[in-house]
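Only one structure is covered here, and it is reproduced in the block below.
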Amino acid sequence: MVSRLFSDIFSKRKTKPNSDAKFLIVGLGNPGQEHIDSRHNIGSACAYTISRKYGLKFSTESYAEFGMGLISGRQIFVICPTTYMNNSGIAIEYYQKKFSVHPKNIIVISDDINLRIGNVRVRSSGGDGGHNGIKSAIRSLGTEDFPRIRIGIGTPKDKRDQINYVLSKIPPDQKCFLDNGIKHSVKAVELIIYSGIETAMNKTNGK
Numbered sequence: 096m097v098s099r100l101f102s103d104i105f106s107k108r109k110t111k112p113n114s115d116a117k118f119l120i121v122g123l124g125n126p127g128q129e130h131i132d133s134r135h136n137i138g139s140a141c142a143y144t145i146s147r148k149y150g151l152k153f154s155t156e157s158y159a160e161f162g163m164g165l166i167s168g169r170q171i172f173v174i175c176p177t178t179y180m181n182n183s184g185i186a187i188e189y190y191q192k193k194f195s196v197h198p199k200n201i202i203v204i205s206d207d208i209n210l211r212i213g214n215v216r217v218r219s220s221g222g223d224g225g226h227n228g229i230k231s232a233i234r235s236l237g238t239e240d241f242p243r244i245r246i247g248i249g250t251p252k253d254k255r256d257q258i259n260y261v262l263s264k265i266p267p268d269q270k271c272f273l274d275n276g277i278k279h280s281v282k283a284v285e286l287i288i289y290s291g292i293e294t295a296m297n298k299t300n301g302k
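One rule links them: number in my numbering = place in the sequence shown (from 1) + 95.
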């Protein structure tokens with residue numbers, strides 16, 4: 096009787112859908128050939144790297160380039176919004192609702208001018224830090240409580256030239272640093288999915 100009871104409980108747990116196993120990975124950037132390889136598109140470059148690593152096929156869907164697959168047996172949805180940076184939240188909210196992903200499982204990857212080139216930081220929540228894509232995500236989701244991964248692109252010498260700086264192409268002498276930043280960001284995404292946000296922060300931040 097007792098063994099049957101435990102068997103029934105185990106069976107129910109085994110077959111019950113686990114909503115926590117779904118993750119939405121967002122690579123922020125601007126659409127169009129003219130923005131490829133720009134500093135501001137480092138987030139989308141990271142998302143494309145994840146898609147290649149896990150064999151995801153991207154297609155143009157509503158509000159985003161979209162791919163889906165599995166990482167460590169967990170369902171992932173990867174998007175690169177095509178709404179332009181300032182309206183990224185439209186795409187994020189659309190796919191969050193479409194696939195019923197909890198905000199704590201939405202991983203947003205972006206550039207950050209306040210970090211040294213190639214440095215990576217992981218946070219579980221927080222403000223927008225002056226980033227319009229993050230600002231749009233917070234506004235659309237109605238919460239600041241979602242993980243984000245920031246890849247440093249460095250600070251322009253003339254802060255008045257910030258817009259041109261972030262939209263400009265990555266110079267050859269910085270590419271290796273940013274490629275390394277993408278590599279560490281992909282690892283951070285995997286850590287969040289495998290082991291949780293705290294482990295990802297502990298193993299990524301401070302390096």
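Built from N, CA and C at the ideal position, the CB exists for glycine as well.
A quick note: this is a predicted structure, and the numbers were derived from the prediction, not measured.
Enclosing alpha helix (DSSP H) for residue i [first to last residue]
i, result
"Thr-294", "292-299"
"Leu-236", "227-236"
Environment of residue i [buried if 16+ CB atoms lie within 10 Å]
i, result
"Asn-181", "exposed"
"Leu-151", "buried"
"Gln-191", "buried"
"Glu-160", "buried"
"Tyr-260", "buried"
"Cys-141", "buried"
"Asp-206", "buried"
"Gly-276", "buried"
"Thr-155", "exposed"
"Gly-127", "exposed"
"Gly-301", "exposed"
"Gly-291", "exposed"
"Ile-258", "exposed"
"Gly-42", "The requested residue 42 is not part of the displayed model; the chain covers only 96 to 302."
"Thr-238", "exposed"
Local conformation of residue i per DSSP, three classes
i, result
"Arg-218", "strand"
"Thr-144", "helix"
"Val-196", "coil"
"Arg-169", "strand"
"Gly-247", "strand"
"Ala-253", "For the record, residue 253 in the displayed sequence is Asp; it is not Ala. In the structure shown, Asp-253 sits in coil (DSSP, three-state: anything other than H, G, I, E or B)."
"Asp-103", "At Asp-103, the pLDDT of 44 sits below 50, so the modelled position is not reliable and the matter cannot be decided from this model."
"Asp-132", "coil"
"Ser-154", "strand"
"Pro-176", "strand"
"Ser-139", "helix"
"Ser-263", "coil"
"Leu-286", "helix"
"Asp-79", "This structure cannot settle anything about residue 79, because the visible part of the chain is limited to 96 through 302."
"Asn-275", "helix"
"Tyr-149", "coil"
"Asn-182", "helix"
"Asp-223", "coil"
Limits of the unbroken beta strand (DSSP E) element including residue i
i, result
"Leu-165", "159-166"
"Leu-119", "117-122"
"Asp-207", "201-207"
Within-7 Å CB hit, residue i to chain D
i, result
"Gly-164", "Judged by its chain identifiers, the structure shown contains no chain D, having just a single protein chain."
8 Å contact criterion, which residue i and residue j should meet: CB distance rounded
i, j, result
"Arg-218", "Pro-198", "That belief does not hold up - the Cβ atoms of Arg-218 and Pro-198 are roughly 14 Å apart, past 8 Å."
"Ile-287", "Asp-132", "Between Asp-132 and Ile-287 the Cβ distance is about 26 Å, and since that is not below 8 Å, they are no contact."
"Tyr-143", "Tyr-189", "Not quite, the Cβ-Cβ distance comes to about 20 Å (not below 8 Å), so this is no contact."
"Lys-117", "Val-196", "5 Å"
"Gly-228", "Ser-183", "4 Å"
"His-135", "Leu-273", "About 12 Å; that fails the 8 Å criterion."
Contact under 7 Å by Cβ, residue i with residue j
i, j, result
"Ser-121", "Ile-174", "The sequence shown places Val at residue 121, rather than the Ser named in the question. Yes, Cβ-Cβ distance for Val-121 and Ile-174 is below 7 Å."
"Ile-204", "Ile-244", "yes"
"Val-215", "Ile-246", "yes"
"Gly-249", "Ile-212", "yes"
"Val-281", "Ile-202", "no"
"Gly-164", "Tyr-149", "yes"
"Ser-235", "Ile-187", "yes"
"Asp-240", "Ile-233", "no"
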